[in-house]
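K.L.:
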Amino acid sequence: MQNKAKRYPGESKWKGLLYLLPALLLYLIFTFLPILETIRSSFFQAESLYGARSFVWFQNYIKLFQDSQFLSALRNNFVFIFFYSFLPISFGLFLASFLARVRVPGMRLFRTLYFIPQVLSMVVVGVMWRWMYDPNIGPINVFLRWLGLEQFAQAWLGSFTFALPAVGMAAAWVQYGFCMVLFLSGIQRIPEELYEATSLDGANAFRQFWHVTLPGLIPELSVALMTTIIAALRVFDLVFAMTKGAPGGSTEVTGLLIYRWAFELNNHSYAATMATVLTLIILLISLVIRRVFKQSEKGAL
Amino acid sequence: MKPTFRKLIPHYLLLCLVLFFVLLPLWGMLSKAFENPDPGSFGALANFKRAWTVGKFGLFFKNSLIVALIVTAISVLLSILSGYAFGKLSVSGKSLLFPLILLGYMVPFDAAIIPLYNWMRSLGLTDTLWALILPQIGLSVSFGTLWMSSYFESLPDELVDQATIDGCSRWQVLWKVLMPIARPASSTLIVLIFMWTWNEFLLALVMIQKESLRTLPVGLAFFQGRYSANIPLMAAGAIIVALPTLLLYIFFQKQFLQGLSSGAIKG
Chain A
1 MQNKAKRYPG
11 ESKWKGLLYL
21 LPALLLYLIF
31 TFLPILETIR
41 SSFFQAESLY
51 GARSFVWFQN
61 YIKLFQDSQF
71 LSALRNNFVF
81 IFFYSFLPIS
91 FGLFLASFLA
101 RVRVPGMRLF
111 RTLYFIPQVL
121 SMVVVGVMWR
131 WMYDPNIGPI
141 NVFLRWLGLE
151 QFAQAWLGSF
161 TFALPAVGMA
171 AAWVQYGFCM
181 VLFLSGIQRI
191 PEELYEATSL
201 DGANAFRQFW
211 HVTLPGLIPE
221 LSVALMTTII
231 AALRVFDLVF
241 AMTKGAPGGS
251 TEVTGLLIYR
261 WAFELNNHSY
271 AATMATVLTL
281 IILLISLVIR
291 RVFKQSEKGA
301 L
Chain B
1001 MKPTFRKLIP
1011 HYLLLCLVLF
1021 FVLLPLWGML
1031 SKAFENPDPG
1041 SFGALANFKR
1051 AWTVGKFGLF
1061 FKNSLIVALI
1071 VTAISVLLSI
1081 LSGYAFGKLS
1091 VSGKSLLFPL
1101 ILLGYMVPFD
1111 AAIIPLYNWM
1121 RSLGLTDTLW
1131 ALILPQIGLS
1141 VSFGTLWMSS
1151 YFESLPDELV
1161 DQATIDGCSR
1171 WQVLWKVLMP
1181 IARPASSTLI
1191 VLIFMWTWNE
1201 FLLALVMIQK
1211 ESLRTLPVGL
1221 AFFQGRYSAN
1231 IPLMAAGAII
1241 VALPTLLLYI
1251 FFQKQFLQGL
1261 SSGAIKG
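Which chain is which? The protein sequence lines are A and B, in order. So for the first sequence, my numbering puts the first residue at 1; every next one is plus one. So for the second sequence, my numbering puts the first residue at 1001; every next one is plus one.
1. Output yes if chain A places a C-beta closer than 8 angstroms to the C-beta of Thr-1053 (chain B); else output no.
2. Report the option in B:Pro-1115, B:Phe-1143, B:Ser-1142 and B:Ala-1111 whose CA atom is closest to the CA atom of Gly-255 (chain A).
3. Does Val-104 (chain A) have its Cβ less than 8 angstroms from a Cβ in chain B?
4. Run down chain B in chain order and give the residues with a C-beta less than 9 angstroms from the C-beta of Ser-97 (chain A).
5. So, with DSSP's three-state summary, where would you put Val-288 (chain A)?
6. Could you name the residues of chain A that Ala-1131 (chain B) contacts, counting a contact when the two beta carbons are closer than 9 angstroms?
7. Output yes or no for whether 8 angstroms exceeds the beta carbon distance between Gly-158 (chain A) and Ala-241 (chain A).
8. Tell me the DSSP secondary structure of Gln-45 (chain A) in three-state form.
9. Using only alpha-carbon positions, find the residue among B:Val-1241, B:Val-1067 and B:Val-1191 that is nearest to Leu-1260 (chain B).
10. Would you list, in chain order, the members of the region 1103-1117 of chain B that have their beta-carbon closer than 9 angstroms to a beta-carbon of chain A?
11. How many angstroms separate the CA atom of Gln-1253 (chain B) from the CA atom of Tyr-270 (chain A)?
12. Which residues in the same chain have their Cβ closer than 8 angstroms to the Cβ of Leu-1030 (chain B), if we skip the five residues on either side of it in sequence?
13. In this structure, how does DSSP classify Ser-303 (chain A) when only helix, strand and coil are distinguished?
14. Tell me the DSSP secondary structure of Ser-54 (chain A) in three-state form.
15. Note down, in chain order, each residue of its chain lying with its Cβ closer than 7 angstroms to the Cβ of Leu-280 (chain A), except the 5 sequence neighbours on either side.
16. Looking at the unbroken alpha helix (DSSP H) that takes in Lys-294 (chain A), where does it start and where does it end?
17. What residue range does the alpha helix (DSSP H) around Val-1241 (chain B) cover?
18. Starting from the Cα of Leu-1103 (chain B), find the closest Cα among B:Thr-1145, B:Ser-1228, B:Ile-1080 and B:Leu-1246 and give me that residue.
19. Rank A:Val-142, A:Gly-177, A:Leu-283 and A:Leu-284 by C-alpha distance to the C-alpha of Leu-109 (chain A) and give the top, closest one.
20. Just the chain A side, please: which residues come within less than 7 angstroms of Arg-1170 (chain B) by C-beta, in chain order?
21. Can you give, in chain order, each stretch of the alpha helix (DSSP H) that sits fully within the region 77-149 of chain A and has at least 4 residues?
22. Anything in chain E within Cβ reach of Ile-1231 (chain B), meaning under 8 angstroms, just list it in chain order.
23. With Glu-220 (chain A) and Leu-182 (chain A) assumed to form a contact (beta carbons below 8 angstroms), what rounded beta-carbon distance in angstroms separates them?
24. Taking the alpha-carbon positions, what's the Leu-28 (chain A) to Lys-1032 (chain B) distance?
25. Less than 8 angstroms between the beta carbons of Gly-1093 (chain B) and Ser-1149 (chain B), yes or no?
26. Mind checking Gly-1225 (chain B): buried by the 16 CB within 10 Å criterion, or exposed?
27. When you compare the region 1166-1181 of chain B with the region 1112-1131 of chain B, are there three or more beta-carbon pairs, one atom per stretch, that lie closer than 8 angstroms?
28. With 7 angstroms as the limit, tell me which residues of the region 185-214 of chain A have their beta carbon closer than that to any beta carbon of chain B; keep them in chain order.
29. Classify Ala-197 (chain A): buried if its beta carbon has 16 or more other beta carbons within 10 angstroms, exposed otherwise.
30. Whose C-alpha, out of B:Ser-1079, B:Trp-1147, B:Ala-1185 and B:Ile-1009, is nearest the C-alpha of Pro-22 (chain A)?
31. What is the C-beta distance between Met-132 (chain A) and Leu-238 (chain A), in whole angstroms, given that I count them as a contact (C-beta under 8 angstroms)?
32. The alpha helix (DSSP H) with Asn-1199 (chain B) in it runs from where to where?
33. Once the 5 residues before and after Lys-1176 (chain B) are set aside, which same chain residues still bring their CB inside 7 angstroms of it?
34. Does any residue of chain B have a CB that is nearer than 8 angstroms to the CB of Glu-37 (chain A)?
35. Which residue marks the beginning of the alpha helix (DSSP H) containing Asp-1161 (chain B), and which one marks its end?
36. Identify whether Arg-189 (chain A) lies in helix, strand or coil by the three-state DSSP scheme.
Pasting the structure below:
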């Protein structure tokens, strides 16, 4: 970001800061300082519930990386990346490349409707999808029975095997409209001549996709990857509303564990350690994506 | 080349198939909510009336509205000022302050929630709406500042110079010259912050224990725990939670698409 802004002669050098101050103060007090305090408290251990705490260096971190509950929650977060990010992006790419170069009347209406899940509270999404998976009246089991596949109908959210992918599909439902709309508008920006030129060279649809569509969509891909991966790592509301980590921790995620350790088990420093690790992972992944897509940075925020 | 309708049939088939999967859960919720458990009582809106009164969704609605309106109004105002500072004024220490604010936008709320809870409790602010309002302003101005400053920066400096030559102060330049042009950017910011605040869950779950102060998403989550067998009632509750953001989306589609497509995520 270039600083082109300039000060007029005779203008106080504090003027800019004055405009910034109210927002900056509220941000520092209610976001930045708490983050610092989270990091600091991850190096302490409470002796009693509200009593003194002692500095324990990296002891919480050592304990954390041997904590199988935490490791499996973190693993589930990474499984969620498949549902939050990989599925919606690949599906969105497929649909967008199939649709974008033809003028389909009524496209705007479809686009508007596809985007709806993005504006809903994740608790609402959870309530809806619990109904979808309901063992008796849920449409999924009703459909399976109608097909005569009674033996596959089951309590999806109560199954050790299927609960995690079932919650994941609800997340994919939220994200794929978003990815598709993003890619559709991106493809419209790619000049038609590029497609015509490759057509003349005899390239097939797949090679056109690989050499024209995909490179042209780099800014959108970067935005889609960034937002969906971060959402997968942060997930809390959706799991809280659908399974609360059940059955047997098979849908446990880091956000839920942080909440439990902090506010149910009252071990604030251990929860802070988890929060710090999760934050570092999110920052690291954001930085990697930013670097990989550096050339397209202008497109994204 | 204008495609004929016949050629578009596969496209429409695919579009409709996708649409079916998008709308199925929504349609299911709607049809359940209008299902009448005991005919003759209230008619079609029976479930909504029960959710609103017995389920206390009326109360939760009021809490959500108070929080969302105050957070949105203050955050947008402060973000316009700070965005203007970064975008068009000289700020000493900008190279330090800008990344500092960027950090708040990238970090999840989990990173701040524990100390926030402890501080709010020691100030006696837990179980008040302030415990939701203040932290959410602090978080929203982080995104808002980045959003407004990148917009103000994209406006030509000549606008500011010309207005200054004509005798406008910095304050007047902002409100009389820049803000009329910045209407689209600020309205996008308004709808995004309103939606995020309306849907916020973790903070409201942690800070509020009193049932009468719950916001809608938390109210719905607890409601689900209690009435999970009564799907029509729960569906009605879910619609009460979803309706305001849905309406906002219908009226401000362009702002939503534009804002979220730029990679806006809640910090």
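Backbone N, C-alpha and C define an ideal beta-carbon position, used for all residues, glycine too.
P.N.:
This is what the structure holds:
1. Chain A contact via Cβ: absent.
2. Out of B:Pro-1115, B:Phe-1143, B:Ser-1142 and B:Ala-1111, B:Ala-1111 has the C-alpha closest to the C-alpha of Gly-255 (chain A).
3. Taking Cβ atoms only, chain B reaches closer than 8 angstroms to Val-104 (chain A), which makes this a yes.
4. Within chain B, no residue has its beta carbon less than 9 angstroms from that of Ser-97 (chain A); the closest one is some 12 angstroms off.
5. Helix, per DSSP.
6. Within chain A, not a single residue places a beta-carbon under 9 angstroms from that of Ala-1131 (chain B); the smallest gap is close to 10 angstroms.
7. The Cβ atoms of Gly-158 (chain A) and Ala-241 (chain A) do not sit closer than 8 angstroms to each other.
8. Residue state, collapsed to three classes: strand.
9. Comparing Cα positions, the closest option is B:Val-1191.
10. If the cut-off is 9 angstroms between Cβ atoms, the region 1103-1117 of chain B has Leu-1103, Gly-1104, Tyr-1105, Met-1106, Val-1107, Pro-1108, Phe-1109, Asp-1110, Ala-1111, Ala-1112, Ile-1113, Ile-1114, Pro-1115, Leu-1116 and Tyr-1117 near chain A.
11. If I take the Cα positions, the gap works out to 43 angstroms.
12. Excluding sequence neighbours, Leu-1030 (chain B) sits near Ala-1235 and Ile-1239.
13. Look at the range of chain A in this structure, 1 to 301, and you will see that residue 303 (chain A) is not part of it.
14. In this structure, Ser-54 (chain A) counts as strand in the three-state DSSP scheme.
15. Close CB contacts of Leu-280 (chain A) within its chain, under the 7 angstroms cut and outside five residues either way in sequence, are absent.
16. Judged by DSSP secondary structure, Lys-294 (chain A) falls outside any alpha helix (DSSP H); it is assigned neither H nor E.
17. Counting along the chain, the alpha helix (DSSP H) containing Val-1241 (chain B) begins and ends at 1231-1251.
18. Relative to Leu-1103 (chain B), the option among B:Thr-1145, B:Ser-1228, B:Ile-1080 and B:Leu-1246 whose CA is nearest is B:Thr-1145.
19. Scanning A:Val-142, A:Gly-177, A:Leu-283 and A:Leu-284 for the CA closest to the CA of Leu-109 (chain A) turns up A:Gly-177.
20. Those within 7 angstroms of Arg-1170 (chain B) in chain A are Lys-15.
21. Residue ranges of uninterrupted alpha helix (DSSP H) with 4 or more members, entirely inside the region 77-149 of chain A and ordered along the chain, are 87-99, 107-114, 122-132 and 139-146.
22. This model lacks chain E altogether; the protein chains it does include are A and B.
23. With a contact defined as Cβ atoms closer than 8 angstroms, Glu-220 (chain A) and Leu-182 (chain A) qualify at about 5 angstroms.
24. Approximately 45 angstroms between the Cα atoms of the pair.
25. The answer is no: Cβ separation not under 8 angstroms.
26. So Gly-1225 (chain B) ends up on the exposed side.
27. Counting Cβ pairs under 8 angstroms, fewer than three are found: no touch.
28. Interface annotation for the region 185-214 of chain A against chain B: Ser-185, criterion Cβ-Cβ distance under 7 angstroms.
29. Of the other Cβ atoms in all chains shown, fewer than 16 fall within 10 Å of the Cβ of Ala-197 (chain A); this residue is therefore exposed.
30. Out of B:Ser-1079, B:Trp-1147, B:Ala-1185 and B:Ile-1009, B:Ser-1079 has the C-alpha closest to the C-alpha of Pro-22 (chain A).
31. That belief does not hold up - the Cβ atoms of Met-132 (chain A) and Leu-238 (chain A) are roughly 13 angstroms apart, past 8 angstroms.
32. Residues 1183-1199.
33. Cβ neighbours of Lys-1176 (chain B) beyond the five flanking positions: Cys-1168.
34. For Glu-37 (chain A), the answer is yes, since a Cβ of chain B falls inside 8 angstroms of its Cβ.
35. First-last of the alpha helix (DSSP H) with Asp-1161 (chain B): 1157-1165.
36. It is coil, neither helix nor strand.
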